[in-house]
Every structure is written in structure tokens, then in C-alpha cells.
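A.B. asks: Okay, handing you the structure first.
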Amino acid sequence: MPQRWPEILWIVRHGESAGNVARDAARAAGMSVVDIAGRDVDVPLSALGELQATALGHWFADQPEDRRPSVTLVSPYVRAVRTAELVREAGGFGTDDELILDERLREKEFGILDRLTVRGILERYPEQAEFRRLLGKFYHRPPGGESWCDVILRLRSALDTISLHYSGERVLIVCHQVIVLCLRYLLECMTEEEILAIDRAEDVPNCGVTSYRFDTRAGRHGRMVLERFNFVAPLREEGAAVTTEPDVKGPSA
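Residue numbers (numbering that gives the first Met the number 0): 0 to 252.
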């Protein structure tokens, strides 16, 4: 059977955003709503987020040229696109090629819970808090929003595209926290409980790297094997603070 997966796959959460900072401030102040103007898709990186992305790019620059990304796929959200741009600039790869924007890699949709803190949800939509408690975050779909299962459905299609068009390539994906976890769920054929246990154990840090390498010895026809999860050494080496705050959209993805 011919190889149908990339040689290497890096999945990176965007750098710290203004939304991350605003959510942290709202939680500390006991606010019901995260105070940020404009659409979530347009939320930019913070100054720290730009430093994080540049630090990660320097780590790629230290790798041999044939171990740097040859294809970059990115969520269309401003914070993800800017992260990808900075990583490529500092990493010395891909700057002559267009970024490949894929809306299937966008942030999870929170619907009526958008920008509400835990306090805000309990005050405005207590019935949704109860539905989530009963169903769990994997299956709970807020009105106008998505469950994790909905996100996974669109990511199945994205992975099909990657296997069809980028077989043998070295692929970098820049996306969001829930996307990182849901891609792990798919690539490692996990159960609901397995992926939620990982989610409970630790958050996905900004500019944290999750990476896979294709192993011909795994499975009947070879498969992608996890090498790293939440790898943040490149940030620490350059003195860029490691942050894990959820995005502005919801209280907990």
C-alpha cells in the first residue's frame, strides 16, 4: 500500500491572543462577560503571543532544512494566521508559498455561550449548564454552537484532504486548543473518556507543539505515531512565558 499520510505532522495552538488576556482578566474580576470588541475571528495576538510564535519559529530554523515544514495549513482566525506567519518568518521556511487557510480548522463555535464566563453561563443560561453537566462537553451542543463531536466531524474531512493532497509532505497545522485535542482523538483512534482524560490532565499551551511521524511498522499499512504533546521547550529556551488560558469564546472548551 502506498503511504497516504504526511511524513511529519506538527499541530500547533496559536500564540497568546488578546482574547486569552481578556478572559484571564474577566475571570480574575468575577465578571460575567469577557470584555472584548469585534468578532472572535478578528482577535489578534498579544505582544507575548508574537514572542511565542517567533520563539517557535527559531526552533524550526535550528532543524535541518529537510525537517522543516513543507506545507502550512492554518485556521482563518487572525491569531492563527499571524502565528503561522511569524513561525515561518523566524523559521526560514515557506515564506514564498501561500498559507493554506482551511475553515475546518477554525475554533469551536460556542453559540449563545460565546464570551460568557462560567459565572455568566450560570446567571444567564442555567439550563445549559445543567445540560452540559448531564451530557458532558463531548456531546453538549449549545444553541447556535458545536459539540466536540461536531468539531470532530469537520476534522475527519480535513484529515481526508491532508492524506489525499499532502502524502509524504511535512505538514504544519496552526489552529486552536479544541482542534489540537480533537485531532489527537482522530489520529490515535481514542474513546471519549481517553481524550477527555487528557483534557482534564493539562491544557494545551499557546504555541505548544503536538507532533506525529509516519511509521511504516505501525498497523497493517503504517500510521501516524505521536512523538510530542504540549512541547514548549522552544518558548522556555528564549524566555517567552508559557500560557494556557482558554480563548475568549467560552468558559471551557
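Beta carbons: idealized from backbone N, C-alpha and C, even for Gly.
#1: If I'm right that Val86 touches Leu44 with Cβ under 8 Å, what's the distance once you round it to whole angstroms?
#2: Express the C-alpha separation of Ser16 and Pro125 in angstroms, rounding to a whole number.
#3: Report yes if the C-beta distance between Cys181 and Leu225 is below 8 Å; otherwise report no.
#4: By a C-beta neighbour count over all protein chains shown, 10 Å radius and 16 as the cutoff for buried, is Leu163 buried or exposed?
#5: Check Trp9 in the structure and name its three-state DSSP category.
#6: Could you check whether the segment 86-106 touches the segment 169-180, counting it as contact only if at least three pairs of C-beta atoms, one from each stretch, sit closer than 8 Å?
#7: For Arg78, which option in Asn205, Val150, Ala27 has the closest C-alpha, if you only look at C-alpha atoms?
#8: Within the 8 Å Cβ cut-off, does Asp202 reach chain D?
#9: Would you mind working out which of Met223, Leu50, Gln127 sits nearest Arg3, comparing C-alpha positions?
#10: Quick one: grab the DSSP three-state call for Val117.
#11: Where do the ends of the alpha helix (DSSP H) carrying Arg199 lie?
#12: What does DSSP give as the partner residues of Thr71 in its beta bridges?
#13: DSSP three-state label for Tyr124, please.
#14: Starting from Arg50 and walking both ways along the beta strand (DSSP E), at which residues does that stretch end?
#15: Do three or more CB pairs link the segment 195-213 to the segment 115-130 at distances below 8 Å?
#16: Compare the C-alpha of Asp246 against each of Val32, Glu6, Ile10, Leu8 and name the closest.
#17: Kindly indicate which three-state DSSP category Asn205 falls into: helix, strand or coil?
#18: So what's Asp23 in DSSP terms, helix, strand or just coil?
C.D. replies: On the basis of the coordinates in this document:
#1: Translated into the one-based positions of the sequence shown, residue 86 becomes position 87. Translated into the one-based positions of the sequence shown, residue 44 becomes position 45. Between Leu44 and Val86 the Cβ distance is about 12 Å, and since that is not below 8 Å, they are no contact.
#2: Position 126 of the sequence shown, counted from the first residue, corresponds to residue 125. Position 17 of the sequence shown, counted from the first residue, corresponds to residue 16. Using only the alpha carbons, I get a separation of about 28 Å.
#3: Reading the sequence shown from its first residue, position 182 is the one you call residue 181. Reading the sequence shown from its first residue, position 226 is the one you call residue 225. Not closer than 8 Å, so no.
#4: As a position in the sequence shown, residue 163 is number 164, starting the count at 1. Under this definition Leu163 is an exposed residue.
#5: Walking along the sequence shown from the start, residue 9 turns up at place 10. The answer is strand: DSSP assigns Trp9 an E or B state.
#6: yes
#7: On the sequence shown, position 79 is the one that residue 78 refers to. Of Asn205, Val150, Ala27, the residue nearest in Cα terms is Asn205.
#8: The question asks about chain D, but that chain is absent: this structure has only one protein chain.
#9: Position 4 of the sequence shown holds residue 3. For Arg3, the nearest C-alpha among the options comes from Met223.
#10: Counting from one through the sequence shown, the residue named residue 117 turns up at place 118. In this structure, Val117 counts as helix in the three-state DSSP scheme.
#11: For the purposes of this step, residue 199 is taken as the residue at position 200 of the sequence shown. From DSSP, the alpha helix (DSSP H) with Arg199 extends over 191-200.
#12: If you number the sequence shown from 1, residue 71 lands on position 72. Paired residues: Leu171.
#13: As a position in the sequence shown, residue 124 is number 125, starting the count at 1. Coil.
#14: Here residue 50 corresponds to residue number 51 of the sequence shown, with the count starting at 1. Checking the sequence, you will find Leu at residue 50 rather than Arg. No beta strand (DSSP E) contains Leu50, which is instead part of the alpha helix (DSSP H) from 46-60.
#15: no
#16: One-based indexing of the sequence shown puts residue 246 at position 247. Closest option to Asp246, Cα to Cα, is Val32.
#17: For the purposes of this step, residue 205 is taken as the residue at position 206 of the sequence shown. It is coil, neither helix nor strand.
#18: One-based indexing of the sequence shown puts residue 23 at position 24. In the structure shown, Asp23 sits in a helix (DSSP, three-state: H, G or I).
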